[in-house]
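What follows is a short report on a single structure.
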Amino acid sequence: MIPELGQFALLLALAVGVIQGFVPLIGAAKGRADWMWVARPAAQTTFVFVATAFLCLASCFVSNDFSVLYVASNSNSALPLPYRFAGVWGGHEGSLLLWLMMLSVWTLAVAQMSSHLPQALVSRILAVMGLISVGFLLFMLTTSNPFERLSPVPPDGNDLNPLLQDPGMVMHPPMLYMGYVGFSVAFSFAVAALLSGTLDATWARWTRPWTTAAWTFLTIGIMLGSVWAYYVLGWGGWWFWDPVENASFMPWLAGTALIHSLAVTEKRGAFKSWTVLLAIVAFSLSLLGTFLVRSGVLSSVHAFATDPKRGLFILIFLAVVIGGSLALYAWRAPKVGLGARFSLMSRESMLLGNNVMFVVAMLSVLLGTLYPLVLDALGLGKISVGAPYFEAVFVPLMAPVVFLMGVGPLASWKSALAPDLARRLRWAAGVSVVAALVTGWVAGRISLGVASILTDLWERLRPTATQPGLIGRVRQLPRSMAGMMLAHLGVAAFAFGVSMVKTYEVERDVSMRPGDTTELSGYLFTFRGVRDIQGPNYDGVQGLVEVTRGGQPEAVLRPEKRVYRVQRNPMTEAAIDPGPTRDLYVSLGEPVDAGAWIVRVYFKPFVDWIWGGCLLMALGGAVALSDRRYRLKRRETQTSTTAAGVLT
Amino acid sequence: MKNIRFVLVVFCLMSQPMSLPAQARDAPLAAADPAIEARMLRIAGELRCLVCQNQTLADSHSGLAEDLREEVRAMLRRGESDEQVQRFMTDRYGDFVLYRPPVKATTWLLWFGPGVLMVGGLGALVTVLRRRARLPDADFEPDDEQALEASKPT
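Residue numbers (this note's numbering), protein chains in the order written: chain A, 1 to 648; chain B, 1001 to 1154.
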């Protein structure tokens, strides 16, 4: 009954989605307020139906309904409850439903929080989002139905892939998709503005908080994936340049560029068409990422040919969405004005320089990800493009970005006079040169960023005649400014963590009998043997490693090796003692002889700064979102519209 | 980056050597020859495990990867160079096994594309900005003084 209910809800969502996609669009074109009015209730109804379908699938998982093919292939009655719920997005069909769910959440949010926008614009935005959801609904209903029944009903399910049975699975995909799909809002704003021909600084102001919100979610999503890989793969890597990772990283790079160019467009009205193009590109990359991950072309281009229906659908959908929006762009964008004037040496120019670098970095990742696929498809040979390529190409591209991050925020808008910029930068530059001389180029660039943020902060917070109190000064600091500083500090912390781990990580593979010790970077690791353990759906062994430092106990680590009962593949669960200056990381290898085990011991200095930096970036995004500018505007316009409503 | 000396000094200060308890045995390294092992891992870190889903030969636990790692160890013990090991792998499995694709006609675009993009992108930016600078004031919109004022430190 429940699977059919879910299926029915999807069909209803499709029907309402079609209304949401077309009626307001036609209404906006013809100027008919009653047709435009449809957008909001239609968006709310679509949300209700998609949420119903989502809850139906979740309920099938929770109640172990193995008559549903998707549940039977991705769950098992012994699977713990949180993972049964997370199993909803453990496979292809459910991932699409999660994608759609997130799109409905964003659409609802736009519908509820856009009372200050002109009606024609809102209806167009909601219509574009409705059309996207129609595409995904058609895809699910024709090729990837999660509610398909299975007959005969198997006694038990095939279990969730053991790699996915982890707290990371509960949090990482929803956050990631929330970010991915969130760029659909900026995309819809862009398409709506192009359709209506009203592309101005106000457009940028309305788009900005939505873009920042999506970017914040995406940052957290990528970070969670990285942490997860770090502890589950057993050797402490945190980024692999895997095509699946690149698929989420490309929208992030484009989104980061978009955030910066939105700043130029909002403040100065300049480069509007470029900003709109970036909004289109960021969401197109989200779609492309979904295509890459979901069509199976990544494992092999031939997987595409064996199941052409799915791949073909996404390809056509991509062509329609990306091609259509770019065609619209080519038609409408040239009519957009120039914005305000600024000189070559100005914050505007530097932000645009940042844009060029981020877009080039994004295109390089795209090139490296697609190149082997294209080469293979053309029959020109099979190659692999992996971490060595991306490190050789990507890292040098980011170096000027970190440098610009140090200089840009201190340059004034409109025109930054060289002597003035030099005066404001003198302390930061001094610190940076010393750091570079003492420790090397990377440290020089990182400290330039940190020191220039501190300079900026000092200039804004030092006591003045009118406002001597520090607290008052802090209150006066605009939230968007504070957010930017936090995010930039996050970048510096991230870069610091990456450099430290890369340079000073120590690892050792030892063969340990109970009682054996090994010393690494001042920490003494004593192996106390292993014991058998039984989990809810796995058996395994758990090692016990005591760590002391200078004779004082430091940590007790319990690395595990598990074999999940259904799918029988062995899994490594590393044990980590995290700390602000280092992680101690121990994983169990294979048993060798007479109670001895291969034990991998790692000393990873400052590795947590990598994710701490990402968290700071996301926190910066959240702080910027809370800026009064966005809230005030809304309240002001709300009161003015209600006042106008009373008058008429 | 290679020599963050200051930090190194701090680390050395933090980690005083300590005396081991008398009965404990210092665990032997898992590898018979640490130097060979390190070289093998460095080489295997840039090779693809052919039976895995995008994993390096160094990280993979598959049987084939174990065998190939042993093969590499044996070659290194015989005194063969890194290049010889790489050639052995590409002779057997083709360029597909290399995570760092070789530079040749079919990969020129891959290797030089990013550089060309960067030069082209920055060039385009400079051109656009200079062309803008030559335009008369009348083509531009007036400054939003309020927005400019708000971002200035007082």
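Cβ atoms here follow ideal geometry from the backbone N, Cα and C, with glycine treated the same way.
All values reported here derive from a predicted model rather than from experimental measurement.
- From the listed residues A:495, A:337, A:583, A:363, the smallest Cα separation to residue 507 (chain A) is found for A:583.
- Ranking B:1079, B:1040, B:1080 by CA distance to the CA of residue 1065 (chain B) puts B:1040 first.
- Of the residues A:495, A:170, A:55, the one whose Cα lies closest to the Cα of residue 86 (chain A) is A:170.
- In terms of Cβ geometry, residue 534 (chain A) and residue 559 (chain A) do not form a close pair [threshold 9 Å].
- Residues of chain B with a Cβ closer than 9 Å to the Cβ of residue 420 (chain A) do not exist, since the nearest Cβ in that chain sits about 12 Å away.
- Only residues of its own chain outside the window of five on either side were considered, and among them 533, 560, 561, 562, 563 have a CB closer than 7 Å to the CB of residue 540 (chain A), listed in chain order.
- Of all residues in the region 380 to 412 of chain A, only 380, 381, 382, 383, 384, 385, 386, 387, 388, 389, 393, 397 come within less than 7 Å of chain B when Cβ atoms are compared, listed by chain position.
- As the crow flies, the alpha-carbon of residue 594 (chain A) is around 10 Å from that of residue 514 (chain A).
- For residue 1042 (chain B), there are no C-beta contacts with chain A under 7 Å, since the nearest C-beta of that chain is about 11 Å from it.
- Your pair residue 6 (chain A) and residue 72 (chain A) does not check out as a contact, with CB atoms roughly 15 Å apart and the cut at 8 Å.
- Per DSSP, the beta bridge partners of residue 571 (chain A) are A:562.
- Using a Cβ-Cβ cut-off of 9 Å, residue 1088 (chain B) does not count as an interface residue toward chain A, since no Cβ of chain A sits closer than that to its own.
- Around the CB of residue 65 (chain A), 16 or more other CB atoms lie within 10 Å, so the residue is classed as buried.
- Straight through space, the alpha carbons of residue 1026 (chain B) and residue 488 (chain A) are spaced by roughly 45 Å.
- Using a CB distance below 9 Å, the part of the region 495 to 525 of chain A facing chain B consists of 499, 500, 502, 503, 504, 508, 509, 510, 511, 512, 513, 515, 516, 517, 518, 519, 521, 522, 523, 524, 525, ordered along the chain.
- Contact check for residue 477 (chain A) against residue 460 (chain A) passes: the beta carbons are separated by less than 9 Å.
- Judged by DSSP in its simplified three-state form, residue 4 (chain A) adopts helix.
- Around the Cβ of residue 1077 (chain B), a 10 Å sphere holds fewer than 16 other Cβ atoms; the residue is exposed.
- Every beta strand (DSSP E) stretch that sits fully inside the region 463 to 526 of chain A and reaches 3 residues is listed by chain position as 506 to 512, 517 to 520.
- Contact between residue 222 (chain A) and residue 248 (chain A) is confirmed by a C-beta separation of about 6 Å, below the 8 Å threshold.
- Look at residue 593 (chain A) here: in three-state DSSP terms it is coil, with no helix or strand label.
- With a cut-off of 8 Å on Cβ pairs, the region 258 to 274 of chain A is not in contact with the region 226 to 244 of chain A, counting fewer than three such pairs.
- Not flagged as an interface residue toward chain B: residue 164 (chain A), since no C-beta distance is shorter than 9 Å.
- Restricted to the region 117 to 150 of chain A, not a single beta strand (DSSP E) segment is unbroken, complete and at least 3 residues in length.
- For residue 1055 (chain B), the number of other beta carbons within 10 angstroms of its own is at least 16, and it is reported as buried.
- From the listed residues B:1087, B:1029, B:1098, the smallest Cα separation to residue 1058 (chain B) is found for B:1098.
- Of all residues in the region 125 to 137 of chain A, none is placed with a Cβ closer than 8 Å to any Cβ belonging to chain B.
- Residue 538 (chain A): member of the beta strand (DSSP E) spanning 538 to 549, first to last residue.
- The beta-carbon distance between residue 418 (chain A) and residue 345 (chain A), rounded to whole angstroms, is 7 Å. This is short enough to meet the 8 Å contact definition.
- Against chain A, the beta carbon of residue 1026 (chain B) has neighbours under 8 Å at 516, 517, 518, 519, listed in chain order.
- For residue 602 (chain A), the beta-bridge partners assigned by DSSP are A:507, A:585.
- Taking the Cβ atoms as the reference, residue 123 (chain A) lies roughly 5 Å from residue 28 (chain A), within the contact range of under 8 Å.
- When rounded, the separation of the alpha-carbon atoms in residue 180 (chain A) and residue 325 (chain A) is 18 Å.
- Cα atoms of residue 390 (chain A) and residue 1101 (chain B): separation of roughly 11 Å, rounded to the nearest angstrom.
- Per DSSP, residue 165 (chain A) is not a residue of any beta strand (DSSP E), being assigned neither H nor E.
- Close CB contacts of residue 131 (chain A) within its chain, under the 6 Å cut and outside five residues either way in sequence, are with 21 (chain order).
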